[in-house]
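Protein chains: 2
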Amino acid sequence: MANDRGTDPRRHRPRKISTKAAPRAYHHGALKEALLRAAEDILVEDGVSGLTLRETARRAGVSHAAPKNHFGDLRGLMSELAAVGFQRLAAIMSNAVADADGAEAAMDAIGRAYVNFARSSPGLFHLMYRSEALDFTRAALIEATSGISGVLKDAVMRRKPARSTGKGDPRDTVASMATSWCLVHGFATLLIDQRLTPMLAYMPGDDKVGALLDAILAKMKPSRRT
Amino acid sequence: MANDRGTDPRRHRPRKISTKAAPRAYHHGALKEALLRAAEDILVEDGVSGLTLRETARRAGVSHAAPKNHFGDLRGLMSELAAVGFQRLAAIMSNAVADADGAEAAMDAIGRAYVNFARSSPGLFHLMYRSEALDFTRAALIEATSGISGVLKDAVMRRKPARSTGKGDPRDTVASMATSWCLVHGFATLLIDQRLTPMLAYMPGDDKVGALLDAILAKMKPSRRT
DNA sequence: ATTATATGTTGACGATGTAAATATATCCGC
DNA sequence: GCGGATATATTTACATCGTCAACATATAAT
Chain V
919 MANDRGTDPR RHRPRKISTK AAPRAYHHGA LKEALLRAAE DILVEDGVSG LTLRETARRA
979 GVSHAAPKNH FGDLRGLMSE LAAVGFQRLA AIMSNAVADA DGAEAAMDAI GRAYVNFARS
1039 SPGLFHLMYR SEALDFTRAA LIEATSGISG VLKDAVMRRK PARSTGKGDP RDTVASMATS
1099 WCLVHGFATL LIDQRLTPML AYMPGDDKVG ALLDAILAKM KPSRRT
Chain B
919 MANDRGTDPR RHRPRKISTK AAPRAYHHGA LKEALLRAAE DILVEDGVSG LTLRETARRA
979 GVSHAAPKNH FGDLRGLMSE LAAVGFQRLA AIMSNAVADA DGAEAAMDAI GRAYVNFARS
1039 SPGLFHLMYR SEALDFTRAA LIEATSGISG VLKDAVMRRK PARSTGKGDP RDTVASMATS
1099 WCLVHGFATL LIDQRLTPML AYMPGDDKVG ALLDAILAKM KPSRRT
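One line per chain: the protein sequences are V and B, in this order. Residue numbering for the first sequence is 919 to 1144, as defined by the numbering used here. Residue numbering for the second sequence is 919 to 1144, as defined by the numbering used here.
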């Protein structure tokens, strides 16, 4: 089976079969990416608990020990995949800020983007915050998470000048960042874990999640005294 | 107590033992409680990832399959232990409310109690919110979690009359509950996962965690316009 | 071309969850 | 007290997992 040179697709032989860069890397000159893709598929289908090295290798069509070369161990794979998730989330948040009209709207847009990401990729989101399973000394993970902080900080500081107190106080900036992050992160996690389901029943309309999130974000705005 | 025949619950083989009852009999007597205690010890020492059926049994001094009789499977053990955690948290929150002076102070006290619980029992707290590993059809878990909701709801409704808008609106009550819960839960989870560490550095004093939490809670109070 | 390195495979080991078969203790109706 | 029914605990077994070591092969370097 493994020595069947004739039909086995994963052979190192066909160096350059066609002038076109074959997207099908037979012998995974791109195994790392293939493994990450397979791992994310598992995350979508079975969640974090289903994510194993062997199943990932199986889906990529390689032996169970192949991932070791690219990730070291399971923690490595999970950390790299989490980094991809943080990158993606940072990009989404950044876009949300760019499209928003005004500093206050930008903050809300970031929050909604964060929640939408968690809802659309709950498995990946869970992995990103399964701290015990991640290696935060990994360069990819450090870089990706700092990207998120950067986007949030920019948005908060853009809003700052319009506020009355603590204009340039870094302490207040940090408090604002923490408040927004905690609120939205708590909402996202509790939401995808079905912890808010009973409360959602009280909300009106079709988009009950959006309604509850709006209600929560509204409670964060002291300026809006009705 | 299912069996009060003697003084020691685990004493069923009085063969030719010395005056002291043998520490181990075939039937433990209170194995379920012993297993839960052992499981929590593991949680303290090694976190959720270290919590296994076999290690729990090992610590309780029984065979690896013994827990099956009391919990069914690992999910059962985890769910029961999580239920204990929710009970404990509900009690702590309830006490915090009782000791607080005024409705607004009660809300803050609940939040601080929630965070303190997470900080003092991070392993258990993680387990309580590892939704994928829990069985929310378990009676113990349903009851314990609804206890938490009850405490929070009471505190929110106690505060309600002092507010200007949405006095008796259940929709607004739910929004207030969700806001408080999400904010505090987000803070607690991010905190014990070391995600807030960089931000804590900006806070003054010895109790940086308390300072940041205070700052966050303060941002939730529209009435305090300085 | 030869050597070195990177990548992938095979086989093995111990740990785990779970099930089945078995053993022992307790309970319940007499 | 007695004896079966039930609850509780053990033993054995199996599949799966992460990880390691030894090995094989492809790519890169010299």
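The C-beta atom is built at its ideal place from N, Cα and C for all residues, glycine as well.
Q: Following the continuous alpha helix (DSSP H) through Thr1107/V, name the residue where it begins and the one where it ends.
A: 1088-1110
**Q.** Own chain partners of Ala1008/B with C-beta closer than 6 Å, once the 5 adjacent residues on each side are dropped
**A.** Gly1065, Ile1066, Val1069
Q | Through-space distance from Ala978/V to Phe1035/B, alpha-carbon basis | A | 43 Å
Q) Distance, Cα to Cα, Asp1017/B vs Leu1114/V? A) The C-alpha of Asp1017/B lies about 28 Å from the C-alpha of Leu1114/V.
Q.
Excluding the 5 residues flanking His982/B on each side, which residues of the same chain have their C-beta closer than 8 Å to its C-beta?
A. These residues qualify, in order along the chain: Leu971, Arg972, Ala975, Arg976.
Q: To the nearest angstrom, report how far apart Arg1006/B and Leu1108/B are at their CA atoms.
A: 21 Å
Q) What is the residue span of the alpha helix (DSSP H) that His982/V lies within? A) Looking at the DSSP string, His982/V is not in any alpha helix (DSSP H), and its letter there is neither H nor E.
**Q.** First and last residue of the uninterrupted alpha helix (DSSP H) at Glu951/V
**A.** Per DSSP, Glu951/V is one residue of the alpha helix (DSSP H) stretching across 949-964.
Q.
Against chain B, with Cβ distances strictly below 9 Å, would Glu1061/V count as a contact?
A. no
Q | Neighbour flag for Leu1130/B against chain V, beta carbons, 9 Å | A | Interface residue (Cβ-Cβ distance to chain V less than 9 Å): Leu1130/B is classified as such.
(Q) Just to check my reading of the structure: Ala1021/B and Arg1077/B have Cβ atoms closer than 8 Å, yes? What is that Cβ distance to the nearest angstrom? (A) Rounded, the Cβ-Cβ distance is 4 Å, consistent with contact.
(Q) Here's the rule: buried if 16 or more other CB atoms are within 10 angstroms of the residue's CB, otherwise exposed. What is Glu1061/B? (A) Within 10 angstroms of the beta-carbon of Glu1061/B lie fewer than 16 other beta-carbons, which makes it exposed.
Q) So Glu1050/V packs on Gly990/B, CB below 8 Å; how close in whole Å? A) Incorrect: roughly 25 Å between the Cβ atoms, too far for contact.
**Q.** 7 Å Cβ shell around Ala1000/V - same chain, five flanking residues per side excluded
**A.** Result list for Ala1000/V: Leu1045, Met1046, Leu1052, Leu1059, in chain order.
Q.
Short of 8 Å Cβ to Cβ, which residues in the segment 1032-1053 of chain V face chain B?
A. His1044, Tyr1047, Ser1049, Glu1050, Ala1051
(Q) Looking at chain B, is there any beta carbon in it that lies within less than 9 Å of the beta carbon of Ser997/V? (A) no
Q: Please state if the CB of Ser1039/V and the CB of Gly1003/V are separated by a distance shorter than 9 Å.
A: Contact flag set, yes.
Q. By Cβ distance, which residues of its chain are closer than 6 Å to Met1208/V, with the 5 residues on each side in sequence left out?
A. Nothing can be reported for residue 1208/V, as the shown portion of chain V is limited to 919 through 1144.
Q: Work out the CA separation of Pro1088/B and Asp1072/B for me, nearest whole Å.
A: 12 Å
Q.
Please report whether the beta-carbon of Asp1090/B lies at a distance below 9 Å from any beta-carbon of chain V.
A. By this cut-off, Asp1090/B is an interface position.
Q. Do we get a CB-CB distance below 9 Å when we pair Arg1113/V with the residues of chain B?
A. yes
(Q) Comparing C-alpha positions only, which one of Ala1023/V, Val980/V, Arg955/V sits nearest to Glu998/V? (A) Arg955/V
Q) To the nearest whole angstrom, what separates the beta carbons of Lys1126/B and Thr1097/V, a pair I think is in contact under 8 Å? A) Going by Cβ atoms, the distance from Lys1126/B to Thr1097/V rounds to 16 Å, so no, they are not a contact pair.
Q. What does Gly1068/B touch in chain V if you count any residue whose Cβ is under 9 Å from its own?
A. The contacting residues do not exist; Gly1068/B stays about 12 Å from chain V at best.
Q.
Could you compute how far the alpha carbon of Leu1131/B sits from the alpha carbon of Phe1105/B?
A. When rounded, the distance between both Cα atoms is 8 Å.
Q: Reducing DSSP to helix, strand and coil, say where Asp1019/B ends up.
A: coil
Q: Report the option in Ala1119/V, Leu995/V, Leu949/V whose CA atom is closest to the CA atom of Leu961/V.
A: Leu995/V
Q. Below 9 Å between beta carbons: does that hold for Leu1042/B and Glu958/B?
A. yes
Q. If we ignore side chains and look at the alpha-carbon of each, how far apart do Lys950/V and Asn987/V end up?
A. 9 Å
Q | Identity of the residue in Ala948/B, Arg1048/B, Asp1090/B, Leu1101/B nearest Leu969/B by Cα | A | Arg1048/B
Q. Ser1039/V by DSSP, collapsed to three states: which one?
A. coil
(Q) I believe Ala1023/B touches Ala1093/V by the beta-carbon criterion, under 8 Å. Please report the beta-carbon distance rounded to the nearest angstrom. (A) Their Cβ separation, rounded to whole angstroms, is 20 Å, which puts Ala1023/B and Ala1093/V out of contact at 8 Å.
Q. So, is the C-beta of Ile1028/V closer than 9 Å to a C-beta in chain B?
A. no
Q.
Classify Ala940/V: buried if its beta carbon has 16 or more other beta carbons within 10 angstroms, exposed otherwise.
A. Unreliable positioning characterises Ala940/V in this predicted model, as indicated by a pLDDT of 32, which lies under 50. A coordinate reading is not provided.
Q.
Is it buried or exposed, Thr1055/B, if we count other Cβ atoms within 10 angstroms and call 16 or more buried?
A. Thr1055/B is exposed by the Cβ-count criterion.
**Q.** Same chain, Cβ closer than 7 Å to Met1117/B, neighbours up to 5 away in sequence not counted
**A.** Leu1130
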